[in-house]
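Peer 1: Right, I'll just put the structure down here and ask away after.
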Amino acid sequence: MLNLIPKVICTAALQSQTTGREVGKTTMEKVFLSIIVASGLCGVSSRTERRYHFVYDLYNMTEALSYCREKHTDLATIDNQDDVNVLNALADPSKMNYSEYSSRAWIGLYDDLNSWRWSLSDTGFYKHGETEFRNWLDEEPNNMGSGRCCTRMYSHGPWNDDKCENRFMAVCANITGSNVTFILINVSMTWMEAQSYCRAHYTDLASVRNMAENIKVVELIPQGGKVWIGLFRDSWKWTDGSNSSFRFWHLDTREPNNNAGKEGCVAADFNHSGHWEDWNCNVRRAFICYSEIVPVVKRVGKVKLMTKSSSLNLNDPAVMEDILMQLQQRLKDSGVNEGIRLSWRKQSDGKVFHKDEKKTKRGDTIPKKQEL
1 MLNLIPKVIC TAALQSQTTG REVGKTTMEK VFLSIIVASG LCGVSSRTER
51 RYHFVYDLYN MTEALSYCRE KHTDLATIDN QDDVNVLNAL ADPSKMNYSE
101 YSSRAWIGLY DDLNSWRWSL SDTGFYKHGE TEFRNWLDEE PNNMGSGRCC
151 TRMYSHGPWN DDKCENRFMA VCANITGSNV TFILINVSMT WMEAQSYCRA
201 HYTDLASVRN MAENIKVVEL IPQGGKVWIG LFRDSWKWTD GSNSSFRFWH
251 LDTREPNNNA GKEGCVAADF NHSGHWEDWN CNVRRAFICY SEIVPVVKRV
301 GKVKLMTKSS SLNLNDPAVM EDILMQLQQR LKDSGVNEGI RLSWRKQSDG
351 KVFHKDEKKT KRGDTIPKKQ EL
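Residue numbers (our numbering): 1 to 372.
If you want it as structure tokens, here you go:
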């Protein structure tokens, strides 16, 4: 019996007895191999990690995103304080000396200002063009002060964007077939509370599909009142689609603040510990890309083999390669194949296999195993 220890990256153990194919053809011998144990053939890849790349050329947000996707993976996504610390260590603020607002670089966070949609998402409820009906007040929505992701209606009919945590009355919709009834809820609540209430007691928060329905809702609102309707949008998103909720806003300057109503992209300020600020996306500055790296985890496992020929040299490179191919095929047959590489671990004498000898009752030794 022979004992090998392969150095592998990888998978579940081969535990059951299997029979291999003929090997050692260069020695003109046909050898039957029985893989008795292949324990510890494992390996786990932890989550995909990121390698950050600072680019000190001056690009606006759109140009920076295109560059990162062409050269790397995407603009930088930041998951936690450890990522912030890595960026602070890598940053060279002296190379970001391009304006009075130097030391800043774009990251992949942006405010999705154009993602307005209705709480009631059933496409069968809307005719062509009705999901796009809007009755905004002049110069609205403007996301004043940032974070205005929900919609309220005034008693005279126009709409305004507002912060979803503010409290107003609400208008629900009760839908039966093609009939829609609007119901005023004369209780102040947040937009989320209003949505939950309408869904629990009726169909949903009101969708306003046309001017005729807008007039019907207006008829319910007390003079000077304001009500939530079902229109809302997404807030901050990562350009790579990541769902990371980590934020590192510069609170001393009350970020994000959507100064001048035009700040929908985010830069990190490396003169202030990498804290984030919202900025106009057309500003040209340095930026940070990332590329994905998958950590390689190496594990050592043991394989016991049985051969019919004691003269076979298992340290022959051709034989070792053939055995390795068999093990690789076993892993593939088990459904584990991608990202796996097997290799032998050599001992201090440069050999992979060593015979393991067992003593007889008379004190003699007989060859039994080879081990690494």
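Here a beta-carbon is modelled for each residue, glycine too, at the ideal position from N, C-alpha and C.
1) Could you please give the first and the last residue of the uninterrupted alpha helix (DSSP H) stretch that includes lysine 71?
2) Tell me where the beta strand (DSSP E) around glutamate 219 begins and ends.
3) Could I get the ranges of all uninterrupted beta strand (DSSP E) runs contained in the stretch 134 to 203, with 3 residues as the minimum, in chain order?
4) Within this structure, are the beta carbons of alanine 286 and lysine 71 separated by less than 9 Å?
5) Quick one: Cα of isoleucine 366 to Cα of lysine 346, how far?
6) Since lysine 127 is in the alpha helix (DSSP H), which residue starts that stretch and which ends it?
7) Among residues of its own chain, excluding the 5 on either side of arginine 50, which ones have a beta-carbon nearer than 6 Å to its beta-carbon?
8) Does the distance from the CB of tryptophan 238 to the CB of leucine 109 come in under 9 Å?
9) Taking just the CA atoms, how far does lysine 332 sit from phenylalanine 353?
10) Which residue's Cα is closest to the Cα of aspartate 204: Met192, Cys172, Ser115?
11) Can you tell me whether cysteine 42 is helix, strand or coil according to DSSP?
12) Let me check understanding here. Comparing Cα to Cα, which of Ile215, Leu58, Ala268, Arg69 lies closest to tryptophan 279?
13) How far does the beta strand (DSSP E) with isoleucine 340 in it reach, from first residue to last?
14) Report the residue from Pro158, Trp159, Gly177, Arg152 whose alpha carbon sits nearest the alpha carbon of glutamate 165.
15) Does the Cβ-Cβ distance between leucine 231 and tryptophan 159 come in under 9 Å?
16) What does DSSP give as the partner residues of histidine 403 in its beta bridges?
17) Hey, methionine 169 and tryptophan 228: beta-carbon distance below 9 Å or not?
18) Quick check: what's the CA-CA separation for leucine 324 versus tryptophan 236?
19) Can you tell me which residues form a DSSP beta bridge with isoleucine 293?
20) For glutamate 63, collect the residues of the same chain with a Cβ closer than 6 Å to its Cβ; drop the 5 residues on either side in sequence, then sort them by chain order.
21) Do you know whose CA, among Gly157, Leu75, Val218, lies nearest valine 266's CA?
22) Could you give the distance in angstroms between the alpha-carbon of leucine 113 and the alpha-carbon of aspartate 92?
23) Tell me, which residues are paired with tyrosine 110 by DSSP?
24) Spell out the partners DSSP gives tryptophan 116 in its beta bridges.
25) Report the rounded CA-to-CA distance for methionine 320 versus glutamate 292, giving the unit in angstroms.
26) Excluding the 5 residues preceding and the 5 following aspartate 79 in the sequence, name in chain order all residues of the same chain whose CB lies nearer than 6 Å to its CB.
27) Restricting to Cα atoms, I'd like to know which of Asn210, Gly274, Asn186, Met189 is closest to tryptophan 136.
28) Less than 9 Å separating the beta-carbons of asparagine 174 and valine 180?
29) Provide the residue span of the alpha helix (DSSP H) that contains isoleucine 323, from first to last.
30) Verify whether the separation of the beta carbon atoms of arginine 104 and phenylalanine 248 is less than 9 Å.
31) Please look up how many angstroms separate the CB atoms of serine 334 and aspartate 234, rounded, as I've assumed it's under 8 Å.
32) Under 8 Å Cβ to Cβ from threonine 190, same chain only, skipping five residues before and after it: list those, please.
33) Leaving aside the five residues before and after lysine 262 along the sequence, list all residues of the same chain whose C-beta is less than 7 Å from its C-beta, in chain order.
34) On the CB-based measure, 16 or more other CB atoms within 10 Å of its CB, does aspartate 83 come out buried or exposed?
35) Could you tell me which of Asp161, His275, Phe133, Ser196 sits nearest to glutamate 139, measuring between CA atoms?
36) Could you tell me which of Leu90, Asp316, Thr77 sits nearest to phenylalanine 54, measuring between CA atoms?
Peer 2: Straight from the coordinates:
1) Counting from 1 along the sequence shown, the entry for residue 71 is found at position 71. Looking at the DSSP string, the run of the alpha helix (DSSP H) that includes lysine 71 is 61 to 71.
2) The residue you call residue 219 lines up with position 219 of the sequence shown. In the DSSP assignment, glutamate 219 falls outside any beta strand (DSSP E) and carries neither an H nor an E.
3) 148 to 154, 159 to 163, 168 to 176, 179 to 189
4) In the sequence shown, residue 286 corresponds to position 286, counting from 1. In the sequence shown, residue 71 corresponds to position 71, counting from 1. No.
5) On the sequence shown, residue 366 is found 366 positions in, with the first residue counted as 1. On the sequence shown, residue 346 is found 346 positions in, with the first residue counted as 1. In this prediction, isoleucine 366 has a pLDDT of 47, which is less than 50 and means its spatial position is unreliable; what the coordinates show is noted afterwards. Rounded to whole angstroms, isoleucine 366 to lysine 346 spans 24 Å at the Cα level.
6) Along the sequence shown, read from residue 1 onward, the residue named residue 127 stands at position 127. Here lysine 127 belongs to no alpha helix (DSSP H), and DSSP marks it neither H nor E.
7) Stepping through the sequence shown from its first residue, residue 50 is reached at position 50. Same-chain partners within the cutoff: Tyr290.
8) Residue 238 sits at position 238 when you count from the first residue of the sequence shown. Residue 109 sits at position 109 when you count from the first residue of the sequence shown. Closer than 9 Å, so yes.
9) Numbered from 1 along the sequence shown, position 353 holds the residue referred to as residue 353. Numbered from 1 along the sequence shown, position 332 holds the residue referred to as residue 332. Those two C-alpha atoms are separated by around 25 Å.
10) Counted from its first residue, the sequence shown places residue 204 at position 204. Ranked by Cα distance from aspartate 204, the first of Met192, Cys172, Ser115 is Cys172.
11) What you label residue 42 is simply residue 42 of the sequence shown in a count that begins at 1. Because cysteine 42 carries a pLDDT of 29, less than 50, the predicted location of this residue cannot be relied on, and no value is offered for it.
12) Translated into the one-based positions of the sequence shown, residue 279 becomes position 279. Among Ile215, Leu58, Ala268, Arg69, the Cα nearest to that of tryptophan 279 is on Ala268.
13) As a working note, residue 340 is residue 340 in the sequence shown. Where isoleucine 340 is concerned, there is no enclosing beta strand (DSSP E), given that its DSSP letter is neither H nor E.
14) Counted from its first residue, the sequence shown places residue 165 at position 165. Comparing Cα positions, the closest option is Arg152.
15) Reading the sequence shown from its first residue, position 231 is the one you call residue 231. Reading the sequence shown from its first residue, position 159 is the one you call residue 159. It is a contact, given that the beta carbons lie within the stated cut-off.
16) This structure cannot speak to residue 403, because the chain is shown only from 1 to 372.
17) For the purposes of this step, residue 169 is identified with residue 169 of the sequence shown, where counting begins at 1. For the purposes of this step, residue 228 is identified with residue 228 of the sequence shown, where counting begins at 1. Yes, Cβ-Cβ distance for methionine 169 and tryptophan 228 is below 9 Å.
18) Here residue 324 corresponds to residue number 324 of the sequence shown, with the count starting at 1. Here residue 236 corresponds to residue number 236 of the sequence shown, with the count starting at 1. Annotation: leucine 324 to tryptophan 236 spans about 50 Å, alpha carbon to alpha carbon.
19) Along the sequence shown, read from residue 1 onward, the residue named residue 293 stands at position 293. Its beta-bridge partners are Glu49.
20) Taking the sequence shown and counting its residues from 1, the one referred to as residue 63 is at position 63. Contacts found: none.
21) In the sequence shown, counting from the first residue as 1, residue 266 sits at position 266. Nearest option by C-alpha distance: Leu75.
22) Here the question's residue 113 lines up with position 113 in the sequence shown. Here the question's residue 92 lines up with position 92 in the sequence shown. Each residue's alpha carbon lies about 32 Å from the other.
23) Counted from its first residue, the sequence shown places residue 110 at position 110. Lys237, Cys265.
24) The residue you call residue 116 lines up with position 116 of the sequence shown. Its beta-bridge partners do not exist; DSSP assigns none.
25) Position 320 of the sequence shown, counting from 1, holds the residue named residue 320. Position 292 of the sequence shown, counting from 1, holds the residue named residue 292. Taking the straight line from one Cα to the other gives about 34 Å.
26) Along the sequence shown, one-based indexing puts residue 79 at 79. Counting only Cβ-Cβ distances below 6 Å, and skipping sequence neighbours, we find Ser244, Phe246.
27) Within the sequence shown, residue 136 is the residue found at index 136, counting from 1. For tryptophan 136, the closest C-alpha among the options Asn210, Gly274, Asn186, Met189 is that of Asn210.
28) The residue you call residue 174 lines up with position 174 of the sequence shown. The residue you call residue 180 lines up with position 180 of the sequence shown. Against a cut-off of 9 Å, the Cβ pair of valine 180 and asparagine 174 comes out as a contact.
29) Taking the sequence shown and counting its residues from 1, the one referred to as residue 323 is at position 323. First-last of the alpha helix (DSSP H) with isoleucine 323: 317 to 333.
30) As a position in the sequence shown, residue 104 is number 104, starting the count at 1. As a position in the sequence shown, residue 248 is number 248, starting the count at 1. Cβ distance not < 9 Å, so arginine 104 and phenylalanine 248 don't count as in contact.
31) In the sequence shown, the residue the question calls residue 334 occupies position 334. In the sequence shown, the residue the question calls residue 234 occupies position 234. With a Cβ gap of about 42 Å, serine 334 and aspartate 234 do not count as contacting.
32) Counting from one through the sequence shown, the residue named residue 190 turns up at place 190. These residues qualify, in order along the chain: Cys164, Glu165, Asn166, Arg167.
33) By 1-based counting over the sequence shown, the position of residue 262 is 262. If we look at lysine 262 and ignore the five residues flanking it on each side, its Cβ neighbours are Asn280.
34) Residue mapping note: residue 83 aligns to position 83 of the sequence shown, counting from 1. Aspartate 83 should be labelled buried.
35) Indexing the sequence shown from 1 puts residue 139 at position 139. Taking only the C-alpha atoms, the option nearest glutamate 139 is Asp161.
36) By 1-based counting over the sequence shown, the position of residue 54 is 54. With distances taken between Cα atoms, phenylalanine 54 lies closest to Leu90.
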